[in-house]
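**Q** Going by my numbering, the sequence shown opens with residue 3, and the numbers climb by one from there. We treat Cβ as the ideally placed atom computed from N, Cα and C, and that holds for glycine.
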Amino acid sequence: MTTPRAAIAAMVLPMALAACGGGGDGPGDDSAVLYRGNTAEPFSLDPHQASGVWENNIISDMIIGLYQDDAAGEPIPGMATGYEVSEDGLAWTFTLREAEWSDGVPVTAQDFVFSMRRILDPATIAQYASLLYGIKNAEAVNKGQLAPEELGVSAPDDRTLVIELEYPAPYLPSLLTHYTTYPVPAHVVEEYGSRWIQPENAVFNGPYLLEEWRSNAFVHLVRNPNFYEAETICFDEVYYYPTTDANAAVRRVRAGELDLNTSFPGQQVEELEEQLPGFVHVYPYLNTVYYAPYMPEAPWDDVRVRRALSMSLDRQFMVDEILRTGQRPTSTLVPPGIANYEGVEQADWWDEDMDTRREEARQLLMEAGFGPDNPLAFEFTYRNSGNNPRVAPVVQQNWEAIADWVQVSISGIEVQIQYDNLRTGNFEVGDAGWVADYNDAQNYLYLLESRTGSMNYGRYSNPEYDALIAESNRELDPERRSNLLARAERMMLDDVAIIPMWNDTSRNLVDPEITGWEDNVSDKHRTRFLCRPGLEPGGPAAAE
């Protein structure tokens with residue numbers, strides 16, 4: 003693969019080396035550069051403004067939190083070297099390693115305090131802030147009811163961080179691998195504000211630094227010589243490309259222009275396995291694809307309409323004939339494989355044939371007031387990445403098969419814009435997906451709490467549901483907690499707060515000469531654990 007890869011290096015590396023200060027002093031071996039296809043264009047690389055997996059992939063190459071993901075996607079110590087938990091499970095005391103930001107300034111516990119206050123400060127307008135509501139006073143701070151200084155995070159000294167919780171959270175180490183909990187350099191953010199993340203200002207504590215970001219072209223990272231484990235890193239540089247067009251990305255992998263890509267069209271799996279031996283990686287994934295109806299507006303405020311749409315979708319056909327890479331059709335939200343959770347049964351209509359389901363859907367819509375004289379007309383918007391453009395026409399056909407007075411228009415939207423529309427309520431029925439931030443059912447079910455805000459795309463609000471989630475948060479017995487979460491999920495599904503579609507699989511194309519890649523249910527693959535034969539960990543940058 004060396005020769006084709008050199009073609010893209012000839013186009014891109016001269017620009018990057020010039021930016022570094024001169025071609026002759028830069029890496030001379032293209033094998034030390036990794037080219038990654040990454041699904042979509044980032045909205046932001048500030049961990050307090052990001053919200054997508056494609057952003058996480060880049061951010062987690064640059065910043066290390068208290069915990070990090072290992073090659074198998076499991077949480078391992080990062081900036082934390084150890085911790086103690088109080089008897090009631092509400093106070094966690096972390097000991098931090100000695101480490102530096104890339105400008106040589108020490109990373110301290112106060113950086114973590116600053117960062118968690120910043121993401122929860124309502125002035126930051128962090129879309130993902132609700133993920134941290136388990137921290138003491140976090141929700142009140144985020145809603146402007148308390149000052150950020152009241153947040154339950156403190157730094158008794160530079161190497162000690164204390165996190166106080168509203169309720170016990172045994173999954174906290176897993177949550178602390180998520181970028182919402184990452185430190186940002188307080189001294190830099192205080193100087194530059196939101197411009198701290200620009201390449202000329204940014205400093206990081208992780209394996210790589212942000213060298214250049216060309217919008218809709220690439221994000222270029224270079225090795226951080228101040229990273230506390232710099233001697234373990236193989237690749238000197240990483241390029242991330244937004245590969246919205248999966249077919250085009252496959253062509254770039256075939257040509258050797260990409261070492262790996264995070265998606266490929268399912269209908270090509272057999273062809274790719276034959277033509278690119280060793281490249282195809284398909285693996286179970288903690289990801290549920292679902293459709294959200296915007297419930298504050300009619301007709302989506304009527305459960306009969308939402309139920310009719312859900313039951314009339316032939317998920318099995320979509321999985322078998324379009325996706326074709328092991329996806330599991332479902333009418334539930336929490337996927338199999340979640341720790342300490344047995345889940346709930348499929349919907350009561352699940353085993354009925356499609357003709358019966360469509361007839362029942364027709365009757366429900368007629369009861370809701372729709373018919374030849376009052377057609378149900380709406381728009382379905384979907385992410386224009388992966389297999390979604392091929393699934394959407396089938397969804398349209400399924401819904402229009404209910405009756406000739408059901409009229410559906412479909413519109414493919416760039417991934418970043420689709421999620422922005424979902425968060426702002428600018429949609430009728432929208433396609434979305436949720437990947438586990440940590441391996442616990444609460445991470446899925448919190449999405450439908452009324453307090454979750456913009457991440458609750460359909461604005462579902464049910465006080466009984468909220469009460470069950472709150473009770474589960476206080477429950478220490480794992481079995482009773484699981485039962486409470488299952489009751490909440492069943493209630494939400496009976497309300498058809500969302501329309502679950504399938505539990506996804508990860509579908510990666512990876513050059514088999516890349517070592518260190520481990521398929522895992524989180525589908526997290528940090529560059530720091532990847533290598534290529536002939537490269538030596540540590541490289542030139544580590545010795546600078």
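Does the count of Cβ pairs from the stretch 147-158 and the stretch 31-46 closer than 8 Å reach three?
**A** Because the criterion of three Cβ pairs below 8 Å is not met, the stretch 147-158 and the stretch 31-46 do not touch.
**Q** Indicate whether the contact test is met: 3 or more Cβ pairs, each with one atom in the stretch 282-297 and one in the stretch 522-537, closer than 8 Å.
**A** Enough Cβ pairs lie closer than 8 Å, so yes.
**Q** With which residues is residue 452 paired in a DSSP beta bridge?
**A** According to DSSP, residue 452 bridges with nothing at all.
**Q** Please report the Cβ distance between residue 529 and residue 63, rounded to the nearest whole angstrom; I am assuming they are in contact, meaning their Cβ atoms lie under 8 Å.
**A** Sure, about 5 Å apart at Cβ, within 8 Å.
**Q** Ignoring anything shorter than 4 residues or poking outside the stretch 451-532, list the alpha helix (DSSP H) runs there in chain order.
**A** Here the runs fully enclosed are 465-476 and 480-496.
**Q** Take residue 527 and list the residues in its own chain whose beta-carbon comes closer than 7 Å to its own, dropping the five residues that flank it on each side.
**A** Same-chain partners within the cutoff: 519.
**Q** Is it true that the stretch 265-273 meets the stretch 51-58, where meeting means three or more beta-carbon pairs spaced less than 8 Å apart?
**A** No, the stretch 265-273 is not in contact with the stretch 51-58.
**Q** Could you check how far apart the C-beta atoms of residue 462 and residue 499 are, in whole angstroms? I think they sit under 8 Å.
**A** So it is a contact: roughly 4 Å between Cβ atoms.
**Q** Please say whether residue 137 and residue 128 have beta carbons closer to each other than 8 Å?
**A** No, the pair does not count as a contact, with Cβ atoms beyond the cut-off.
**Q** If you reduce the DSSP assignment to three classes, tell me which class residue 535 lands in.
**A** Coil at residue 535, not helix or strand.
**Q** With a Cβ-Cβ cutoff of 8 Å, do residue 293 and residue 431 count as a contact?
**A** Their beta carbons are under 8 Å apart, which means residue 293 touches residue 431 by this criterion.
**Q** I'd like the list of long-range same chain contacts for residue 126, defined as Cβ closer than 7 Å, with 5 residues on each side in sequence excluded.
**A** Result list for residue 126: 50 and 120, in chain order.
**Q** Under 8 Å: do the stretch 94-106 and the stretch 227-243 share three or more Cβ pairs, one atom per stretch?
**A** Yes: the two stretches touch, three or more of their Cβ pairs being nearer than 8 Å.
**Q** Leaving aside the five residues before and after residue 187 along the sequence, list all residues of the same chain whose C-beta is less than 6 Å from its C-beta, in chain order.
**A** So the qualifying residues of the chain are 103 and 205.
**Q** Am I right that residue 341 and residue 442 are in contact with their C-beta atoms under 8 Å? What's the rounded C-beta distance?
**A** Between residue 442 and residue 341 the Cβ distance is about 6 Å, and since that is below 8 Å, they are a contact.
**Q** From what residue to what residue does the beta strand (DSSP E) around residue 38 run?
**A** That run of the beta strand (DSSP E) goes 35-39.
**Q** Looking at the strands, I want to know which residues DSSP matches up with residue 381.
**A** Answer by DSSP bridge pairing, in chain order: 411.
**Q** Among the residues of its own chain, which have a CB less than 8 Å from the CB of residue 537, if the five just before and after it don't count?
**A** Excluding sequence neighbours, residue 537 sits near 33, 34, 236 and 237.
**Q** For residue 115, I'd like the list of residues in its chain whose CB is within less than 6 Å of its CB, leaving aside the five on either flank, ordered along the chain.
**A** The residues are 155 and 157.
**Q** Check this for me: beta carbons of residue 327 and residue 507, under 8 Å apart or not?
**A** Cβ atoms of residue 327 and residue 507: closer than 8 Å.
**Q** Whose C-beta lies closer than 6 Å to the C-beta of residue 215 among residues of the same chain, with five residues either side of it excluded?
**A** Only 221 meet the Cβ criterion.
**Q** Quick one: using the 10 Å Cβ neighbour count with 16 as the cut-off for buried, is residue 426 buried or exposed?
**A** Burial call: exposed.
**Q** Residues in the same chain with beta-carbon distance under 6 Å from residue 139, minus the five sequence neighbours each way, listed in chain order, please.
**A** Within the same chain, residue 139 has close Cβ partners 148, 152, 153 and 154.
**Q** Taking buried to mean at least 16 other C-beta atoms within 10 Å of its own C-beta, is residue 376 buried or exposed?
**A** By the neighbour-count rule (16 or more Cβ atoms within 10 Å), residue 376 is not buried but exposed.
**Q** Quick check: what's the CA-CA separation for residue 36 versus residue 71?
**A** Rounded to whole angstroms, residue 36 to residue 71 spans 19 Å at the Cα level.
**Q** Restricting to runs no shorter than 3 residues, where is the beta strand (DSSP E) found entirely within the stretch 121-193?
**A** The stretch 121-193 contains these whole beta strand (DSSP E) runs: 155-159 and 162-166.
**Q** Check the C-beta distance from residue 402 over to residue 393 and give it rounded, since I have them as a contact under 8 Å.
**A** Between residue 393 and residue 402 the Cβ distance is about 15 Å, and since that is not below 8 Å, they are no contact.
**Q** Kindly indicate which residue of 96, 452 and 468 has the alpha-carbon position closest to the one of residue 88.
**A** For residue 88, the nearest C-alpha among the options comes from 96.
**Q** Locate the beta strand (DSSP E) running through residue 212, then write down its first and last residues.
**A** Counting along the chain, the beta strand (DSSP E) containing residue 212 begins and ends at 210-216.
**Q** Pull up the distance between the alpha-carbon of residue 257 and that of residue 278, whole angstroms please.
**A** So the two alpha carbons sit approximately 11 Å from each other.
**Q** According to the neighbour-count rule (16 or more other Cβ atoms, all chains shown, within 10 Å of its Cβ), is residue 259 buried or exposed?
**A** The residue is buried, with at least 16 neighbouring Cβ atoms inside 10 Å.
**Q** Look up residue 351 in the DSSP assignment and say whether it is helix, strand or coil.
**A** DSSP places residue 351 in coil when its eight states are reduced to three.
**Q** Would you report the Cα separation of residue 312 and residue 113, rounded to the nearest angstrom?
**A** The alpha-carbon atoms of residue 312 and residue 113 are separated by roughly 46 Å.
**Q** Which term fits residue 490, buried or exposed, when burial requires 16 or more other beta carbons within 10 angstroms of its beta carbon?
**A** Label assigned to residue 490: buried.
**Q** Taking the beta carbon of residue 531 as the centre, do at least 16 other beta carbons fall within 10 Å, making it buried, or is it exposed?
**A** Classification of residue 531: buried, given that the 10 Å Cβ count is 16 or more.
**Q** Measuring CB to CB, does residue 384 end up less than 8 Å from residue 419?
**A** No, the pair does not count as a contact, with Cβ atoms beyond the cut-off.
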